[in-house]
DNA sequence: CAGTGTCTACGAAGCCGTTCGTAATGTCAA
DNA sequence: TTGACATTACGAACGGCTTCGTAGACACTG
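Residue numbers (the working numbering), protein chains in the order written: chain A, 1 to 131; chain B, 132 to 262.
1. Would you say residue 63/A lies against chain B (beta-carbon separation less than 8 Å)?
2. Which of the three DSSP states, helix, strand or coil, is assigned to residue 83/A?
3. Can you pull the chain A residues whose beta carbon is under 8 Å from the beta carbon of residue 237/B, in chain order?
4. Measure the beta-carbon distance from residue 17/A to residue 25/A and round it to whole angstroms, keeping in mind my assumption that it falls under 8 Å.
5. Three or more C-beta pairs closer than 8 Å, one from the segment 105 to 115 of chain A and one from the segment 215 to 233 of chain B: is that the case here?
6. Under 8 Å, Cβ to Cβ, is there at least one residue of chain B near residue 112/A?
7. Report the rounded CA-to-CA distance for residue 177/B versus residue 189/B, giving the unit in angstroms.
8. Between 213/B, 187/B, 212/B and 214/B, which has its C-alpha nearest residue 202/B's C-alpha?
9. Would you call the CB atoms of residue 217/B and residue 105/A closer than 8 Å?
10. In this structure, does DSSP put residue 64/A in helix, strand or coil?
11. In three-state DSSP terms, what is residue 231/B?
12. Would you list, in chain order, the members of the segment 202 to 227 of chain B that have their beta-carbon closer than 8 Å to a beta-carbon of chain A?
13. Would residue 89/A and residue 220/B qualify as a contact pair, given that the criterion is a beta-carbon distance under 8 Å?
14. With 16 as the cutoff for other CB atoms within 10 Å, does residue 262/B come out buried or exposed?
15. Quick check on the burial criterion: 16 or more other C-beta atoms within 10 angstroms. Buried or exposed for residue 208/B?
This is the structure:
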């Protein structure tokens, strides 16, 4: 047994912002993350560094420190983290019912045509199969 | 001008739990909220009281203190708060695109038939109108 | 009135997240 | 080697959230 399943903690706001950079850019140094984040934000370099150190301790990111400049990458896939966050919001604010959440999301923002088609397919699968 | 628009702050975890009780039960005393929350939880009476006092200061709830036992009610509708939370999650984790969030929600939880029908209607409205 | 119970008010502690200043370490060029 | 620069490590401060203990105000009963 090389590894017991340990669920990753829910990333905080600042941590999620960093994860999004890593998901978009791929493995990155502190400097690269810092520059990517400071488009519109205003955060110090050591703040990003410190947060990445904390995230490493939490297991949210994986650090390659074989070179002097460490390189970080996400420990979880974007979609898994998204699922985690959706599940949490569902429980905390929607009593676990997905329908209301989806309606609000559709109301608020537009989805792409491909996404809408995909949503219809999922609705068909969930509803149409056994009427 | 009796009142300038001041957007309510996003409720925290404990605050949201209390709001859900108030939305479900209607105007309630501290004791009623406390009893409703302590199904499965274990929170002290004064903890609930203190949180409600803070929520009053924030404007999240409205307090009727004409009687000795104060009565609290939500300042915002459930649906407005839900929309606020969905919007926030959309921006923080989904780059503002509703489609991915909806797909995750559909994957994770089942929606009711009425809700699914409503979702289809919204998809029709959003997609069919301008092909 | 005295006692008992309920309620609100207040302060403080503990934890977590965020931020940053400073120190220590490593790198490279002149 | 020395100096300049980049990078990591560490500690501390600050604020927000959550929790609760204690005190004070009020009400009712006998």
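We treat Cβ as the ideally placed atom computed from N, Cα and C, and that holds for glycine. Owing to the predicted nature of the structure, the values given are computational and were not obtained by experimental measurement.
According to the data block:
1. As a first step, residue 63/A must be located in the first chain, where it is residue number 63. It does not; no Cβ of chain B falls within 8 Å.
2. Translated into positions along the first chain, residue 83/A becomes position 83. The answer is helix: DSSP assigns residue 83/A an H, G or I state.
3. Position 106 of the second chain, counting from 1, holds the residue named residue 237/B. The answer, in chain order, is 98, 102, 119, 122, 123 and 126.
4. Within the first chain, numbered from 1, the residue matching residue 17/A stands at position 17. Within the first chain, numbered from 1, the residue matching residue 25/A stands at position 25. Actually they are not in contact, since the Cβ atoms of residue 17/A and residue 25/A sit about 13 Å apart, beyond 8 Å.
5. yes
6. The residue you call residue 112/A lines up with position 112 of the first chain. So, interface residue.
7. Taking the first residue of the second chain as position 1, residue 177/B is located at position 46. Taking the first residue of the second chain as position 1, residue 189/B is located at position 58. Straight-line Cα distance between these residues: approximately 18 Å.
8. In the second chain, residue 202/B corresponds to position 71, counting from 1. When each option's Cα is compared against that of residue 202/B, the closest is 187/B.
9. Numbered from its first residue, the second chain carries residue 217/B at position 86. Numbered from its first residue, the first chain carries residue 105/A at position 105. Contact: yes.
10. Locating residue 64/A in the first chain gives position 64, counting from the first residue. Three-state DSSP puts residue 64/A in a strand.
11. On the second chain, residue 231/B is found 100 positions in, with the first residue counted as 1. Residue state, collapsed to three classes: helix.
12. 210, 212, 213, 214, 216, 217, 218, 220, 221, 223, 224, 225, 226 and 227
13. Counting from one through the first chain, the residue named residue 89/A turns up at place 89. Counting from one through the second chain, the residue named residue 220/B turns up at place 89. A contact, by the Cβ cut-off of 8 Å.
14. By 1-based counting over the second chain, the position of residue 262/B is 131. At residue 262/B the pLDDT is 44, less than 50, meaning the model places this residue with poor confidence; the figure from the coordinates comes in the next sentence. Its Cβ having fewer than 16 others within 10 Å, residue 262/B is exposed.
15. Taking the second chain and counting its residues from 1, one reaches residue 208/B at position 77. Residue 208/B should be labelled exposed.
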